[in-house]
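Everything below concerns the one structure shown next.
There are 6 protein chains.
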Amino acid sequence: MAGSPVVAELDLGGSGKQVGRLRVPLSRDDSGWGTQLVPIVVLANGSGPTVLLTAGNHGDEYEGQVALLDLARSLRPEEVRGRVILLPAMHYPACAAGKRLSPIDGRDFNRCFPGDPFGSFAQVLAHYVDSALLPLCDMQMDLHSGGTGMDILPSAVGHALDDPDMMTRTLAMADAFGAPITLVLREVNAGPTLLASAERRGIVALSSELGGGGRLHPENLAITKRGARNVLRHAGVLEGAPEVGPYGPSRRMTVPDMGHYVFAPVDGIWEAADPLGTDVTAGAPAGRLHRTEDPGADPIPLTYAATGLLWCVRFAGRVKAGDPVAVIARDL
Amino acid sequence: MAGSPVVAELDLGGSGKQVGRLRVPLSRDDSGWGTQLVPIVVLANGSGPTVLLTAGNHGDEYEGQVALLDLARSLRPEEVRGRVILLPAMHYPACAAGKRLSPIDGRDFNRCFPGDPFGSFAQVLAHYVDSALLPLCDMQMDLHSGGTGMDILPSAVGHALDDPDMMTRTLAMADAFGAPITLVLREVNAGPTLLASAERRGIVALSSELGGGGRLHPENLAITKRGARNVLRHAGVLEGAPEVGPYGPSRRMTVPDMGHYVFAPVDGIWEAADPLGTDVTAGAPAGRLHRTEDPGADPIPLTYAATGLLWCVRFAGRVKAGDPVAVIARDL
Amino acid sequence: MAGSPVVAELDLGGSGKQVGRLRVPLSRDDSGWGTQLVPIVVLANGSGPTVLLTAGNHGDEYEGQVALLDLARSLRPEEVRGRVILLPAMHYPACAAGKRLSPIDGRDFNRCFPGDPFGSFAQVLAHYVDSALLPLCDMQMDLHSGGTGMDILPSAVGHALDDPDMMTRTLAMADAFGAPITLVLREVNAGPTLLASAERRGIVALSSELGGGGRLHPENLAITKRGARNVLRHAGVLEGAPEVGPYGPSRRMTVPDMGHYVFAPVDGIWEAADPLGTDVTAGAPAGRLHRTEDPGADPIPLTYAATGLLWCVRFAGRVKAGDPVAVIARDL
Amino acid sequence: MAGSPVVAELDLGGSGKQVGRLRVPLSRDDSGWGTQLVPIVVLANGSGPTVLLTAGNHGDEYEGQVALLDLARSLRPEEVRGRVILLPAMHYPACAAGKRLSPIDGRDFNRCFPGDPFGSFAQVLAHYVDSALLPLCDMQMDLHSGGTGMDILPSAVGHALDDPDMMTRTLAMADAFGAPITLVLREVNAGPTLLASAERRGIVALSSELGGGGRLHPENLAITKRGARNVLRHAGVLEGAPEVGPYGPSRRMTVPDMGHYVFAPVDGIWEAADPLGTDVTAGAPAGRLHRTEDPGADPIPLTYAATGLLWCVRFAGRVKAGDPVAVIARDL
Amino acid sequence: MAGSPVVAELDLGGSGKQVGRLRVPLSRDDSGWGTQLVPIVVLANGSGPTVLLTAGNHGDEYEGQVALLDLARSLRPEEVRGRVILLPAMHYPACAAGKRLSPIDGRDFNRCFPGDPFGSFAQVLAHYVDSALLPLCDMQMDLHSGGTGMDILPSAVGHALDDPDMMTRTLAMADAFGAPITLVLREVNAGPTLLASAERRGIVALSSELGGGGRLHPENLAITKRGARNVLRHAGVLEGAPEVGPYGPSRRMTVPDMGHYVFAPVDGIWEAADPLGTDVTAGAPAGRLHRTEDPGADPIPLTYAATGLLWCVRFAGRVKAGDPVAVIARDL
Amino acid sequence: MAGSPVVAELDLGGSGKQVGRLRVPLSRDDSGWGTQLVPIVVLANGSGPTVLLTAGNHGDEYEGQVALLDLARSLRPEEVRGRVILLPAMHYPACAAGKRLSPIDGRDFNRCFPGDPFGSFAQVLAHYVDSALLPLCDMQMDLHSGGTGMDILPSAVGHALDDPDMMTRTLAMADAFGAPITLVLREVNAGPTLLASAERRGIVALSSELGGGGRLHPENLAITKRGARNVLRHAGVLEGAPEVGPYGPSRRMTVPDMGHYVFAPVDGIWEAADPLGTDVTAGAPAGRLHRTEDPGADPIPLTYAATGLLWCVRFAGRVKAGDPVAVIARDL
């Protein structure tokens, strides 16, 4: 019972630019042998490394999707040395819906790795990416933003790795990507993410957070477009050195622990005290939570539990108990 | 079969500050005589006009909700001459969900007026507001923002009225509210809105658009808080003259017709050419629509069909065919 | 656009015992001309009044359904003088689901009268009952219990009517039914109920509450079976005098106003202080509301707001804000 | 509160061929001012009558949709005398889903006339067709098939009308359409259909049944294409006489009453005794209903209740209690 | 954690004819210990092989269900040598709904093998069939049709097996079944099907496709009834030689690869160029895809990519991007 | 991929009384990093055993939830020797809904053990309880009632264990709990329950059934409160001997096999012959099943298949085919 039921309608080993589709089985009541198409682009020329760039892991994160669509249209195969594989709208059903989660099976695609060839749709697709695409790759980057709920300072995101060589190569890749911030996380339970799957296969890999709020932000789009080409330059797939953005080299930071999060204790409307990117101090007011059910009640004040940079904030006004409303990063 | 089944758990004719609830019947499988509570605040003191301020007509529009919660807490009855009725989270089920539409009956509350005492939940509530609260009022303002989908320059919104006296009084109220923009619309089919219901009852009334994107924007919140108090001052319920904001008097504008809208012709990700508030020219590029299903296809360019101020823009990145992506306003 | 699309598959004017079905149009995706069958029984013999007995107005109220099924099987047409029409599972889709509300359109059938021949399923069926069955009737009784959510002392329920003759005839019918309690209510907004529809047509009519908790209670079933036959005796359709139950003549009571209700102010688990049928005093503890989200918080104590008989109590343990947890009745 | 909120994005009074869209407001959580597009084609040239041809009233009926798409592409405006209005996929959300009912509001579009400008989506669209398009028309034909559930001999369907002139003109139109069968029905409750709306406005109008089974049948498509052009020829909008099909002139039949239907009494799999188009006799076996829940039970035999032509049969194998499995027509 | 929670309410090892039920645990909100009943029939007499015949793997495939219900009623135990186990409506919740997928968990039952005793309903049932029934069997056949979406030439379907002896025995069984066509497939990912589960256990096994369109086709029903008895004769469970159908011996064919499929590239209505069973040529027109959203657009022509017999066609008119519209078979 | 993503917001190893929350990741469309809070209380003092008491495994079982909330509020840490861990509303989303199954993933929490750290919500939470809490424990009791569907005589429930020492210790714990009945079951497939998970880890453990009907029964609440404290006394965590209830020592019983269940063969309304707690005899009438679809049909009589005590009865009036309506226990 090995193998994936997914079929790539192009030649992953072919040369030139190919625009094709993954054909993922999806049985419907009115189409038992129906398939869901997932767009894929492969550019290959001569020998060189293989880089996989992905976006649309979550459907409501747009900077990566548009940057990779742009790259797919603008990149000429003769520019390439090696191979570029692009999945600009990877978890396609979620992308088509403009939602984080899939309308098909309700799954968060980035909690489905390494997948299951006979599981639900998201698991089948995750299994294909893990078992059929990752083994071809030397380098991988998965382009995220904060989605409908969160807004985040544009950042490359990597894991703190025990292998010093892999750590060095990961940081070098992040420097090349050149986001304003590089966040290095020690994620204990990252197992079900694409990033962790890539790491398990020994691939130099990054994730990212490039804005949020469920919108396409023009500045973050520019960072993402530049960063995607920078990764290809860094890998040697494109010629030339990575291009530095107007904000200079990437600032290395981390979110040390859960003590750097602020969570909403009850449902309400969140009124933040500070905008994204503020330097905040432990104990200072983080904002107020308004309980709409009782106009006579005072809003609940929350405070920061740590000192540092306000790296991520709640964007959508309405929160539920347990939602993070602020995440603070510190310099490494 | 007249009358509303809604019960107000306070005395609408009483004095002082009362924080109470509307009890709206909502039969559930596990509670046949269940009721949905809708918070209401009444402040009354001496003789004077009655002003009804409402927010949360749509659940994902937050500036009005927080401004009225703040007003409910901070207003002292002895400041008041007449009566203030506040519904800070009017369509409560939608507010609790943080959604435009009701999770109970899927209705857009602002398409339910004048309501139906034996219809679905939204219709029952609309009927109560129309038949029990509006008859008490001299002035009414319904505080909207653009919601999850749209971002809009902060504006009071009034209807172009045939009665010159009502038009004058409406514009005076809008001047007092003091949003950066006052938009005057000739809406042919506004019948099912709260604003139209108020007008049908001869009440001086306004709607508004005070930001959007599904977030609570601090500047727009400040405009809304000031505006809400300004309306009470203008009505004579609070003492003093309306306070002018830092942006000066309100600029009177209009959106003349459907030719001032730009609509997405197909599904895709919208990349706007200009930020909200730009002066744009007919024929200039409005942005590009990216079709994620085909990375080989060029994005679809759209152009502005009119010249004027970019008053409203699509906020959420993903659009469906038929969604407006831009609305242009012109000075009156 | 008059007339009902519902077809009765028996002869409403025929003699003898007929067991048939109402055929109510219900368009499905896979059966455009599909119909929903609603069981109906008609027994007629000679001349005499027509009595309509209904149950299953709400699907999770069982005493009436089983009592009328029993009556339908056991009654012989030669016992009858006049006509008996029985709808033992009137709102059939709700009955088949064992739910108060319809799984088809989510409607509470008893909020749908006088109905709409081209509305949703419940409205079409209500229109038929109102426009095709009620005009045939001299007397009507709709058998309810408290459903999943509530438990209620077995009672006939009638409206306080302005017409003294109708009031007298209604009370006589209730005395004949012979439940332990007869509750007389002044319902201002009862317009959309079957009872109100019957009254609008000048029919002597009753509703009832005969237990609850979503279960079939054997004692309440006995009361209901006896009461159903008593109504037929009282009408003269069956011979003999109504039979008095072991609890003696019916006690006439009322619930004067909303002040005789206790409502849950927030969500939680309701722990009642007293069992159904207790004599309670205004100000005494009614019970405690346990908030499961916070084990450190004390339960919220609620008190009775009126003195009288605990006529109706919350049955299901979990309540939502706005649910009634107790209703107190007083002797007339 | 008059008027429709629907906007036609073409000039209904213009000349030449216009391919446009109706823009129907449809508020979504992520697009409060969103609109649903409904394709419309208008061809006009010189003076002459206006004919409205519609298909996709139910989304899973395909002959009409493809015939009108073909007509829209192939018809040249210079061929036309007068005006042709085409709605090839009228209830567009149901058409896009390939379902009879709308996925938006669950409504059967042909039970929504004359509509409601402030009702649910289907009601708003029905109101526009009734109030904005029908008043322009001299003749109207709504192209149906049997849908997923039923298979039907290709037929024009008209109402038995009390006005002899209208009856004559309706039959003449049906003769011109030239389906193998013309069915004349006396429908008492046809009020909420498009056909009845057209008749209420004094328009010569027909419906039809042109196959079924949820498939596009090539022979029925040919009948439909020929018939659509024949109606235009009959009206004088196209030159020439209606073309007679290979099966000769249309046979006039009727379904006199409910006694010509066979209904499934319980759920099961329907095994028909005869194919569509068989001459059947009252009392003969119509088929057997297999109850899958009990393999030990014999299938339930059903018999025809009338003699005539098997005009309509159950297509989908699984039926529910109350579904028609056969309809018998008789010559007029 | 071994064992299945499913209980068979008959004695799988008993003699004679037993009609019983599998009792599969299915916890509901209102019945925590509820069970779903799945009908099962066992006929046993003397010594001999055990044959398992199954239908209703997908709920909208009817020939097999009715054939096995007929067999269950008509077979007498004294005719049998050995044992016959029949599951005429195996995935019962899907059968009761007349849908391919389960309304309980949305699963395609034939993608759930070998199942999971503690998974969702379909997984629990698949585990029972695999672990409790298959080990009893010498031969197994699972009766499929094309379902609502597809129409398929009646065929036995077997796998190309590496073990020549198993291949020979499988082909012999298919010859005995005697469908017009025997299709031999090399399915790489067939792991989660019942057929593959049977093969993994060393059982001679077949699947089939016996019509489609969501209807019960009388000719295909006759083929299926004959075939089911032929399998029992071939196994020696019934006496006599398999009966050859009027179309003669089965024609051995295959579908070599994905190049023999035609897929819809976008959503639309499919108009096929040829009926099922046509001999088609690579490059010839396969049909046209009509895009209802734009009546001005030409339909998209599709061509066959291979030469052979049109073995399977799209039945339902509406297709989604990625749906197969034609499958071509070639002689082995 | 080890470890749980759940974070306890208190120190499981700390002293004193801590009221905290488990933070369980739950990605929503509008909050990708959202968490669901599950209340937890830990009381620790000095050295001694650890006892885990849980309730709300199913959300509509209330005696345990209220008893543990009461214990959490009333227990003082200085009374404790060792540690008490309380989860009063363990499967919190189900508890908040007042439903057996989770509204998030539809899972029965007690069929999810030992869980999956990357599965659905219920699986993630079960994995945490199994892998993070159970290893800390010496004794565990999971407090159930019968839920909406069933009513059950208040009982401790333990498994018949092969290890005589564990069996002895389990029975001693049950004696201490002191419910009127102790039921000892040999459950073959109990693998996915919390009780089985505890046993797999060598913990002395019990489940229970303490009433039902979806209500909070005052007598059963008293039994549960006493029992919870008795378990702590028995473990030595609280001082003193277990307190014996007014009904004396617990009666040891068992339900030997499926032959002690009565199941509904079809859908209908269940009318029981006997109340809970009756001594019944094999072959005696158990009750009647009323089929509402046909008032002409006699109810189906069911009989008991075994002799013993009516330990569990169907509570909700409406049953579906396959639902148990009675369970009979026998003395051990």
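Chains as they are written, first to last, in numbering that gives the first Met the number 0: chain S, 0 to 331; chain L, 0 to 331; chain G, 0 to 331; chain B, 0 to 331; chain R, 0 to 331; chain Z, 0 to 331. Even for Gly, the Cβ is constructed at its ideal location relative to N, Cα and C.
Q) Does DSSP put methionine 0(Z) in a helix, in a strand, or in coil? A) Since pLDDT at methionine 0(Z) reaches only 43, below the 50 mark, its modelled position is unreliable, and the value read off the structure follows with that caveat. Of the three classes helix, strand and coil, the one that applies to methionine 0(Z) here is coil, per DSSP.
Q: Take serine 83(B) as the anchor and find which of Ala66(B), Met138(B) and Arg20(B) has the nearest alpha-carbon.
A: In the sequence under discussion, the amino acid at residue 83(B) is valine, which differs from the serine named in the question. Of Ala66(B), Met138(B) and Arg20(B), the residue nearest in Cα terms is Met138(B).
Q) For a contact meaning CB atoms closer than 8 angstroms, what does aspartate 293(L) contact in chain S? A) Val18 and Pro38
Q.
Among Arg214(Z), Arg329(Z), Ser14(Z) and His90(Z), whose alpha-carbon lies nearest the alpha-carbon of alanine 305(Z)?
A. Arg329(Z)
(Q) Count Cβ pairs between the segment 286-293 of chain L and the segment 170-190 of chain L that sit closer than 8 angstroms; are there 3 or more? (A) no
Q: Taking 8 angstroms as the threshold, find out whether the segment 163-179 of chain B comes into contact with the segment 274-281 of chain R through three or more Cβ pairs.
A: no
Q | Sequence-distant residues of its chain with Cβ nearer than 7 angstroms to alanine 281(G) (five each side left out) | A | Tyr303, Ala304, Ala305 and Thr306
Q. Looking at the C-beta of glutamine 139(G), does it have a partner C-beta in chain B at a distance below 8 angstroms?
A. no
Q. Within the chosen definition, does the segment 91-101 of chain L reach the segment 4-11 of chain L through at least 3 CB pairs nearer than 8 angstroms?
A. no
Q: Using the Cα positions of glycine 2(B) and glycine 55(R), report the straight-line distance between them to the nearest angstrom.
A: 52 angstroms
Q) So valine 203(B) packs on arginine 251(B), CB below 8 angstroms; how close in whole Å? A) The pair is not a contact, with the Cβ atoms about 17 angstroms apart (cut-off 8 angstroms).
Q: Please name the residues in the segment 256-271 of chain B whose beta-carbon is closer than 8 angstroms to at least one beta-carbon of chain R, in chain order.
A: Asp266, Ile268, Trp269, Glu270 and Ala271
Q) If we ignore side chains and look at the alpha-carbon of each, how far apart do leucine 67(L) and glutamine 122(L) end up? A) 23 angstroms
Q. Smallest Cα separation from glycine 47(S): which of Trp269(S), Thr53(S), Val40(S) and Cys136(S)?
A. Cys136(S)
Q. What's the call for aspartate 162(R), buried or exposed, on a 16-neighbour Cβ count within 10 Å?
A. exposed
Q.
If the cut-off is 8 angstroms on Cβ atoms, which residues from the segment 110-127 of chain G count as contacting chain B, listed in chain order?
A. Pro116 and Phe117
Q | Residue-level contact to chain B via CB, alanine 281(L), 8 angstroms cutoff | A | no
Q.
For arginine 313(R), which residues in the same chain have their Cβ closer than 6 angstroms to its Cβ, ignoring the five residues on either side in sequence?
A. Trp269 and Val324
Q | Nearest candidate by alpha-carbon position, reference serine 119(Z), set Pro92(Z), Pro38(Z) and Pro134(Z) | A | Pro92(Z)
Q. Going along the chain, which residues of its own chain have a beta-carbon closer than 7 angstroms to the beta-carbon of glycine 226(S), five neighbours each way excluded?
A. Phe176, Gly177 and Ala178
Q: Mark alanine 240(L) as exposed unless 16 or more other C-beta atoms lie within 10 angstroms of its C-beta, in which case mark it buried.
A: exposed
Q | Neighbour-count burial assignment, methionine 0(R), 16 or more Cβ in a 10 Å radius | A | Note that methionine 0(R) has pLDDT 43, beneath the 50 cutoff, so the model's placement of it is unreliable and no number is given.
Q: Just grab the DSSP bridge partners of arginine 20(S) for me.
A: Pro38(S)
Q: Starting from serine 30(Z), follow its DSSP beta bridges and name the residues at the other end.
A: Arg27(Z)
Q: Taking the CB atoms as reference points, tell me whether serine 356(G) and glutamate 208(G) lie closer together than 8 angstroms.
A: Residue 356(G) lies beyond the stretch modelled for chain G, which goes from 0 to 331, so this question has no answer here.
Q: Can you check DSSP and say which residues form a bridge with valine 156(L)?
A: Leu182(L) and Ser206(L)
Q: Name the one or two DSSP bridge partners that tryptophan 269(L) has.
A: Leu288(L)
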